[in-house]
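Student: Let me begin by handing over the structure; questions about it come next.
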Amino acid sequence: MKGFGTDEKTLIHVLVSKDALQVDVLRAAYKKEHGRDLIADIASECGGNLEEVLLAIVRGPLAQDCHVLRTGMAGPGTDEEALNDVLLGRSNADIAAIKNLYTKTYRRNLEADLKSELSMKTERHFLMVVAGTRAESSAPVVPQQVEQDVLEIYKATEGKTGTDELLVCQILSSRNDAQIGAIAGLYEQKYRRSLEAVIKSEFSGHMSRALLHQLRSGTDRALRDALLLEDSMAGIGTKDRLLLNRAVRAHWDKGHLQRVKAAYRARFHKDLGAAIRSETSGDFEKALLGVIGE
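Taken in order, the sequence shown gives residues 3 to 296; the numbers are from my numbering.
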């Protein structure tokens with residue numbers, strides 16, 4: 003590619019080191035100097051997983067989130083992990099920005115697409131999420147509210163025959179991270195069982211994974227993302243698209259990325275870079291290692 007040299011190594015080096023603002027500046031400068039779109043040129047010059055990594059970076063975090071959502075809902079079936087990764091644990095401002103750009107880019111309504119892809123209680127859960135009515139991060143942790151939430155969750159799960167799934171969804175979709183962390187702490191203190199264990203035993207499938215994502219967003223975001231990265235590499239075969247999307251999403255916040263790498267090392271007794279080296283190869287491996295700063 004003109005302006006970057008033709009080798010992938012240069013392209014990787016230039017792009018992985020940029021933050022979101024620098025990527026925007028780079029795209030504009032490329033357009034001004036060459037009269038071409040950087041995204042289109044990468045798509046025509048590269049291929050496979052390398053192309054996907056570089057495009058995920060060049061789109062920037064918000065447009066990439068919208069791309070992941072649209073790709074996850076286009077065609078047969080639904081990529082449930084894509085919906086979880088993009089929409090859960092987000093601030094109200096994030097949700098509003100995603101909904102607006104999704105509509106602007108694809109001329110589609112996110113709520114309508116979710117309704118067509120999901121069903122029953124999982125659909126209602128995600129409609130709660132994209133309503134964007136979580137407590138703001140500045141909202142305090144009120145002990146009486148935490149106690150009430152813990153009691154409600156207990157009565158909706160272990161404290162009854164059957165499970166009131168939507169009540170648990172409503173609580174975890176409307177509280178902020180600090181409040182969720184407090185709920186998890188008090189639940190375990192009061193009932194001698196972790197809320198994570200309760201969700202795993204009382205829920206299944208997509209809803210279970212979604213609730214665990216929301217819970218971990220409040221208890222330990224770094225561990226949450228370390229577990230997601232490991233999940234994309236565990237078992238037979240690597241889920242390349244999931245891995246690259248999760249790695250690129252984590253890399254936008256360098257401080258968070260370092261915490262994710264530390265959490266990964268503590269949990270799995272190996273470095274994230276070593277895991278990526280063992281699961282990938284070639285330019286894809288180089289690009290992912292660049293993304294995580296190695």
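Backbone N, C-alpha and C fix where the C-beta goes; we use that ideal spot for every residue, glycine too.
Kindly indicate which residue of Ser-118, Cys-68, Asn-86 has the alpha-carbon position closest to the one of Ala-99.
Tutor: Taking the first residue of the sequence shown as 1, we reach residue 99 at position 97. Taking only the C-alpha atoms, the option nearest Ala-99 is Cys-68.
Student: Quick one: Cα of Ser-139 to Cα of His-36, how far?
Tutor: The count along the sequence shown starts at 1 and reaches residue 139 at position 137. The count along the sequence shown starts at 1 and reaches residue 36 at position 34. One C-alpha to the other measures close to 43 Å.
Student: Under 8 Å between the Cβ atoms of Phe-286 and Leu-40?
Tutor: Locating residue 286 in the sequence shown gives position 284, where the first residue counts as 1. Locating residue 40 in the sequence shown gives position 38, where the first residue counts as 1. No, the pair does not count as a contact, with Cβ atoms beyond the cut-off.
Student: Roughly how many angstroms separate the alpha carbons of Gln-216 and Gly-164, rounded to a whole number?
Tutor: On the sequence shown, residue 216 is found 214 positions in, with the first residue counted as 1. On the sequence shown, residue 164 is found 162 positions in, with the first residue counted as 1. Approximately 22 Å, taken between the alpha carbons.
Student: Apart from the five residues on each side of it in sequence, which residues of its chain come closer than 7 Å, Cβ to Cβ, to Val-25?
Tutor: Residue mapping note: residue 25 aligns to position 23 of the sequence shown, counting from 1. Only Ile-59, Val-60, Gly-62 meet the Cβ criterion.
Student: Please report the straight-line C-alpha distance between Tyr-156 and Lys-123, rounded to a whole angstrom.
Tutor: Stepping through the sequence shown from its first residue, residue 156 is reached at position 154. Stepping through the sequence shown from its first residue, residue 123 is reached at position 121. Each residue's alpha carbon lies about 19 Å from the other.
Student: Measure from the alpha carbon of Gly-50 to the alpha carbon of each residue in Glu-204, Gly-284, Val-293, Gly-292, then state which is nearest.
Tutor: Translated into the one-based positions of the sequence shown, residue 50 becomes position 48. Taking only the C-alpha atoms, the option nearest Gly-50 is Gly-284.
Student: Counting only the same chain and skipping the five closest in sequence on each side, list residues whose C-beta sits under 6 Å from that of Thr-80.
Tutor: Position 78 of the sequence shown, counted from the start, is the residue given in the question as residue 80. Same-chain partners within the cutoff: Glu-119.
Student: If you draw a straight line from the C-alpha of Ala-199 to the C-alpha of Val-250, how long is it?
Tutor: One-based indexing of the sequence shown puts residue 199 at position 197. One-based indexing of the sequence shown puts residue 250 at position 248. In a straight line, the C-alpha of Ala-199 is about 29 Å away from that of Val-250.
Student: Between the stretch 223-242 and the stretch 100-119, can you find at least three pairs of beta-carbon atoms closer than 8 Å?
Tutor: Not touching, per the Cβ criterion.
Student: Are Val-152 and Lys-192 touching if we call contact CB-CB under 8 Å?
Tutor: Sequence index remark: in the sequence shown, residue 152 carries index 150 (1-based). Sequence index remark: in the sequence shown, residue 192 carries index 190 (1-based). In this structure, Lys-192 lies closer than 8 Å to Val-152 by Cβ.
Student: For the putative contact between Leu-112 and Val-88, defined by C-beta atoms under 8 Å, what is the C-beta separation to the nearest angstrom?
Tutor: To locate residue 112, count along the sequence shown from 1; it is residue 110. To locate residue 88, count along the sequence shown from 1; it is residue 86. At roughly 10 Å, the Cβ-Cβ gap does not stay under 8 Å, so Leu-112 and Val-88 are not in contact.
Student: I'd like to know whether the C-beta atoms of Glu-2 and Met-130 end up nearer to each other than 8 Å.
Tutor: A query on residue 2 cannot be resolved here, the shown segment of the chain reaching from 3 to 296 and no further.
Student: In angstroms with no decimal places, state the Cα-to-Cα distance between Leu-103 and Glu-190.
Tutor: Taking the first residue of the sequence shown as 1, we reach residue 103 at position 101. Taking the first residue of the sequence shown as 1, we reach residue 190 at position 188. When rounded, the distance between both Cα atoms is 40 Å.
Student: Counting only the same chain and skipping the five closest in sequence on each side, list residues whose C-beta sits under 6 Å from that of Glu-281.
Tutor: Locating residue 281 in the sequence shown gives position 279, counting from the first residue. Once the five neighbours on either side are set aside, the close Cβ partners of Glu-281 are Met-235, Thr-240.
Student: Find the nearest neighbour of Asn-94 within the set Gly-77, His-258, Arg-177, judged by alpha-carbon distance.
Tutor: For the purposes of this step, residue 94 is identified with residue 92 of the sequence shown, where counting begins at 1. Of Gly-77, His-258, Arg-177, the residue nearest in Cα terms is Arg-177.
Student: DSSP three-state label for Cys-171, please.
Tutor: If you number the sequence shown from 1, residue 171 lands on position 169. Cys-171: helix per DSSP, three-state reduction.
Student: By a C-beta neighbour count over all protein chains shown, 10 Å radius and 16 as the cutoff for buried, is Gly-161 buried or exposed?
Tutor: Here the question's residue 161 lines up with position 159 in the sequence shown. With fewer than 16 other Cβ atoms within 10 Å, it is exposed.
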